[in-house]
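J.: So in my numbering, spot 148 of the sequence shown is number 148, and the numbers just go up one at a time.
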Amino acid sequence: MSKRWYVIRTYSGHEKKVKDAIEHLLANNNTLKKYFGDILIPSQKTFVIRDGKKLVREKKLFPSYIIIEMEVTPETYNFVLNIPSIMNFLGPNKNPQALSKKEVNRLLGIKEYTEYTKKQERFLIDERVKIIDGAFKDFEGVVNKIDENRGKLSINVTVFGRITPVEVKYEQVESLNK
């Protein structure tokens, strides 16, 4: 029998705690260690702008679930279920059901895609954009200058009937020419 990928259901918000507990217990148990592989908490790093500061947030893609590579034997099954905060394996009648190769490849793609970054959009002069953060949020305008070194754009927006140049970061705008 070989290692396959399984889904474990945990209490909400306990995913990291469960992963750490499994890793810690396996570090001290050489007999069971050979039956286990990677443990994943599928998540994605996203950037949020708050008060003009760019913050990185990690968002769980499947809250309350962790993915584990293991060989299921009566010993490994009981080992996992005896860890606090674990509810059960995902599968019919509480029997662990292995993920398909397609599902595994998709999840491993998430793992290898370690840092989510909004693709660095290339803006063009005279391109229509919408400001999505900052003092001019929801204003639309036209790009009139691009400073790639600083990651900023100068945009002409209409304020009280007058065209006003506004300087914003790339992350604060989205293209309307999609």
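Here a beta-carbon is modelled for each residue, glycine too, at the ideal position from N, C-alpha and C.
#1: Please classify K19 as buried or exposed, where buried requires at least 16 other C-beta atoms within 10 Å of its C-beta.
#2: Contact check, V168 vs I131 under 8 Å by CB: the rounded distance?
#3: DSSP on R150, reduced to helix/strand/coil?
#4: Taking D138 as part of the alpha helix (DSSP H), name the residues at either end of that continuous run.
#5: If I measure Cβ to Cβ from L90 and keep anything under 8 Å in the same chain, skipping five residues before and after, which residues do I get?
#6: Can you confirm whether the region 100–108 touches the region 144–151 when touching is taken to mean that 3 or more C-beta pairs between the two stretches lie within less than 8 Å?
#7: Exposed or buried, what is E23 when buried is set at 16 or more other beta-carbons lying within 10 Å of its beta-carbon?
#8: Could you compute how far the alpha carbon of T164 sits from the alpha carbon of R57?
#9: Label E15 either buried or exposed according to how many other C-beta atoms from any shown protein chain fall within 10 Å of its C-beta, with 16 as the threshold for buried.
#10: In chain order, what residues of the same chain have a beta carbon less than 7 Å from the beta carbon of K137, not counting five sequence neighbours either side?
#11: Excluding the five sequence neighbours on either side, which residues of its own chain have a C-beta within less than 6 Å of the C-beta of Y113, listed in chain order?
#12: For F36, count neighbouring Cβ atoms within 10 angstroms of its own Cβ and tell me buried if that reaches 16, exposed if not.
T.: The structure says:
#1: So K19 ends up on the buried side.
#2: Correct: roughly 6 Å between the Cβ atoms.
#3: DSSP places R150 in coil when its eight states are reduced to three.
#4: Premise fails: D138 is in no alpha helix (DSSP H) and is neither H nor E.
#5: These residues qualify, in order along the chain: Y6, V7, I8, R9, Y65, P96, Q97.
#6: Per the Cβ contact rule, the region 144–151 is not in contact with the region 100–108 (fewer than 3 Cβ pairs under 8 Å).
#7: Classification of E23: exposed, given that the 10 Å Cβ count is below 16.
#8: Going by the C-alpha atoms only, they are around 33 Å apart.
#9: Label assigned to E15: buried.
#10: Around K137, the same chain offers I131 as residues with beta carbons nearer than 7 Å, after the five sequence neighbours per side are excluded.
#11: In this predicted model, Y113 has a pLDDT of only 43, less than 50, meaning its place in the structure is not dependable enough to derive any value.
#12: Flag for F36 reads buried.
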